[in-house]
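Novice: Residue numbers (the numbering used here), protein chains in the order written: chain A, 1 to 157; chain B, 1001 to 1180. Take this structure, written in structure tokens, and hold onto it; I'll ask about it next.
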Amino acid sequence: MRRAALLLVLLVASAAAPAAAIAKDCPQTTLGDIEDEVMCPVCGTPLGVASEAPQAQRERAYIERLIAQCKSKDDVKKALVAEFGDRVLALPGDEGDTSVGDVLVYVVPALGILLAAAGIGVTWVRWRRSRRDGGGPGTLATADGARLEDDMERYDL
Amino acid sequence: MRRLLSPVPIAVLAVLAALVALLAYGLVQNEPDRSVDQAIEAGKRADAPKLSLPELGGTRQISLDDYRGKVVVLNFWASWCKPCRDESPVLERWHRRLQDRGGTVIGVDMLDVTGDALDFARNYKLTYPMMKDKDGHGIETFGVVQYPETFVIDRGGSIAAVQRGPVDERFMRTQVEPLL
Chain A
1 MRRAALLLVL LVASAAAPAA AIAKDCPQTT LGDIEDEVMC PVCGTPLGVA SEAPQAQRER
61 AYIERLIAQC KSKDDVKKAL VAEFGDRVLA LPGDEGDTSV GDVLVYVVPA LGILLAAAGI
121 GVTWVRWRRS RRDGGGPGTL ATADGARLED DMERYDL
Chain B
1001 MRRLLSPVPI AVLAVLAALV ALLAYGLVQN EPDRSVDQAI EAGKRADAPK LSLPELGGTR
1061 QISLDDYRGK VVVLNFWASW CKPCRDESPV LERWHRRLQD RGGTVIGVDM LDVTGDALDF
1121 ARNYKLTYPM MKDKDGHGIE TFGVVQYPET FVIDRGGSIA AVQRGPVDER FMRTQVEPLL
């Protein structure tokens, strides 16, 4: 009897071990983690933005079903690509083969920000220089200033 | 004038001009293609674009060319679209009528989850061939702008009628029946 009970305990423990391992690794990702990195193809916006669209709701339900099956983020994205094609991926370069366009997406805004910063810097330096040289608002150039001084002396009461 | 020609104002003007050009390009790109509607209004029939897509839930390829010589009612739909549900019984009824008279309905499931689309077809007992347009290729080819849309293609492969929105018995009787 005691041997049978021991056997039963061992059986339950061996069955529970893999289940515990699965439970530890599952779920591997969340809807919130994925929905900003994929598109709602019909809405033309990232899924996280398309909250009310019925197509987006279906896509979310599909992702949740995959998460419940313990799929990883990469697996979910692969399944979405199989359903909707590469255009479902919101992040440039996510398709795997990084193209020139994928690089430009990051480089062009960075260049724009740098150029804007440089423009602001140049304008600021010029403005400072003009203030230093000209003395500030209402200050006349040297020749005009001297003429004004003469005139003031002439009309001095 | 000298001040206006200095690099900073020129750069600002160039950026503004580029932004305006980008906006104009975006507006032109998003303008739906209405050439089919215009041709029909003018009493002409535009050639139907070539379309070949995988079968919904299957592996074989379905091509419009395979149906040349038949009247084809090409219906773009999706499982989450309510008007698509409303028109489904009409399409199925007409598919059965068309089969004996040299015609068919073909469904194009657009940007949809395959499982949901198959459930839809099962629930509404749809028996006509179904294509899966997973990445919107068919939408672009036919200039589809809403859900659902239906193109009636005559035996010569030209578009005889188009319905932007759900079809009903009246549309099928007036636009499909005369082609049979």
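Just so it is clear, CB atoms sit at the ideal spot from N, CA and C, and this is done for glycine as well. Quick caveat, the model's predicted, so the values are computed rather than measured.
Okay, do the segment 1106-1118 of chain B and the segment 1127-1136 of chain B touch, 3+ Cβ pairs below 8 Å being the bar?
Specialist: Result yes; three or more Cβ-Cβ pairs closer than 8 Å.
Novice: Starting from the Cα of PHE1151/B, find the closest Cα among ARG1170/B, ILE1106/B, LYS1134/B, ASP1135/B and give me that residue.
Specialist: Ranking ARG1170/B, ILE1106/B, LYS1134/B, ASP1135/B by Cα distance to PHE1151/B puts ILE1106/B first.
Novice: Taking the alpha-carbon positions, what's the MET104/A to PRO46/A distance?
Specialist: According to the sequence as given, residue 104/A is Leu; it is not Met. Using only the alpha carbons, I get a separation of about 20 Å.
Novice: Would a check of beta-carbon distances place GLU59/A closer than 9 Å to chain B?
Specialist: So, interface residue.
Novice: Quick one, which residues of the segment 1043-1073 of chain B are near chain A if we go by CB-CB under 8 Å, in chain order?
Specialist: Listed by position along the chain: nothing, the set is empty.
Novice: Report the start-end ranges of each alpha helix (DSSP H) in the segment 23-94 of chain A that is 4 residues or longer and not cut off at the edges.
Specialist: As far as the segment 23-94 of chain A is concerned, its whole alpha helix (DSSP H) runs of at least 4 residues are 31-35, 54-68, 73-84.
Novice: Taking DSSP as the reference, what is the three-state secondary structure of SER1063/B?
Specialist: If DSSP states are grouped into helix, strand and coil, SER1063/B belongs with the strands.
Novice: Establish whether the CB of SER1079/B and some CB of chain A are separated by less than 9 Å.
Specialist: Yes - at least one Cβ of chain A is within 9 Å of the one on SER1079/B.
Novice: Can you name the residues that DSSP bridges to MET1130/B?
Specialist: DSSP, once it has assigned bridges, lists GLY1107/B as partnering MET1130/B.
Novice: How is the alpha helix (DSSP H) around ALA146/A delimited, first residue to last?
Specialist: It spans 142-154 - the alpha helix (DSSP H) in which ALA146/A sits, taken as one unbroken run.
Novice: So, GLN28/A versus LYS73/A, is the Cβ gap smaller than 9 Å?
Specialist: Contact: yes.
Novice: Should the segment 1091-1105 of chain B be regarded as contacting the segment 1134-1141 of chain B, the criterion being three or more beta carbon pairs within less than 8 Å?
Specialist: Result no; under three Cβ-Cβ pairs closer than 8 Å.
Novice: Could you tell me the boundaries of the beta strand (DSSP E) in which SER1158/B lies?
Specialist: Where SER1158/B is concerned, the enclosing beta strand (DSSP E) stretches over 1158-1164.
Novice: Of all the CB atoms in chain A, is at least one closer than 9 Å to the CB of ASP1086/B?
Specialist: It does not: the Cβ of ASP1086/B has no partner Cβ on chain A nearer than 9 Å.
Novice: Which residues in the same chain as GLY1069/B place their Cβ atom closer than 7 Å to its Cβ, once the five residues preceding and following it in sequence are excluded?
Specialist: The residues are ARG1155.
Novice: Taking the alpha carbon of VAL1015/B as the reference point, which residue from GLY112/A, ASP144/A, ASP36/A, ALA143/A has its own alpha carbon closest?
Specialist: The shortest C-alpha separation from VAL1015/B is found at GLY112/A.
Novice: Can you find the residues in the same chain that come closer than 8 Å, C-beta to C-beta, to GLU1055/B, ignoring five residues on each side of it along the sequence?
Specialist: If we look at GLU1055/B and ignore the five residues flanking it on each side, its Cβ neighbours are GLN1061, ILE1062, PRO1129, MET1130, MET1131, LYS1132.
Novice: Whole-angstrom Cβ separation of TYR1124/B and PRO1089/B, contact assumed at under 8 Å?
Specialist: Confirmed, Cβ separation roughly 7 Å.
Novice: Can you tell me whether LEU1074/B is helix, strand or coil according to DSSP?
Specialist: It is a strand residue.
Novice: How many angstroms separate the CA atom of ASP1109/B from the CA atom of PRO109/A?
Specialist: Each residue's Cα considered, the two are about 37 Å apart.
Novice: Under 9 Å between the Cβ atoms of VAL1072/B and GLY119/A?
Specialist: Result no, Cβ atoms of VAL1072/B and GLY119/A do not sit closer than 9 Å.
Novice: Suppose you measure from the CA of TYR106/A to the CA of ALA116/A; what does that come to, to the nearest Å?
Specialist: Their Cα atoms are separated by approximately 16 Å.
Novice: Out of CYS70/A, ALA68/A, GLU59/A, ASP150/A, which has the shortest C-alpha to C-alpha gap to VAL81/A?
Specialist: VAL81/A has its Cα closest to that of GLU59/A, out of CYS70/A, ALA68/A, GLU59/A, ASP150/A.
Novice: Could you name the residues of chain A that ALA1011/B contacts, counting a contact when the two beta carbons are closer than 8 Å?
Specialist: What ALA1011/B touches in chain A: LEU115, GLY119.
Novice: Assign LEU1098/B to buried or exposed, taking buried as 16 or more other Cβ atoms, counted over all protein chains shown, within 10 Å of its Cβ.
Specialist: So LEU1098/B counts as buried.
Novice: Taking the alpha-carbon positions, what's the PRO54/A to VAL1036/B distance?
Specialist: Each residue's alpha carbon lies about 28 Å from the other.
Novice: Classify GLU1149/B: buried if its beta carbon has 16 or more other beta carbons within 10 angstroms, exposed otherwise.
Specialist: Flag for GLU1149/B reads buried.
Novice: Anything in chain A within Cβ reach of VAL944/B, meaning under 7 Å, just list it in chain order.
Specialist: The displayed coordinates of chain B run from 1001 to 1180. Any statement about residue 944/B would go beyond what the structure contains.
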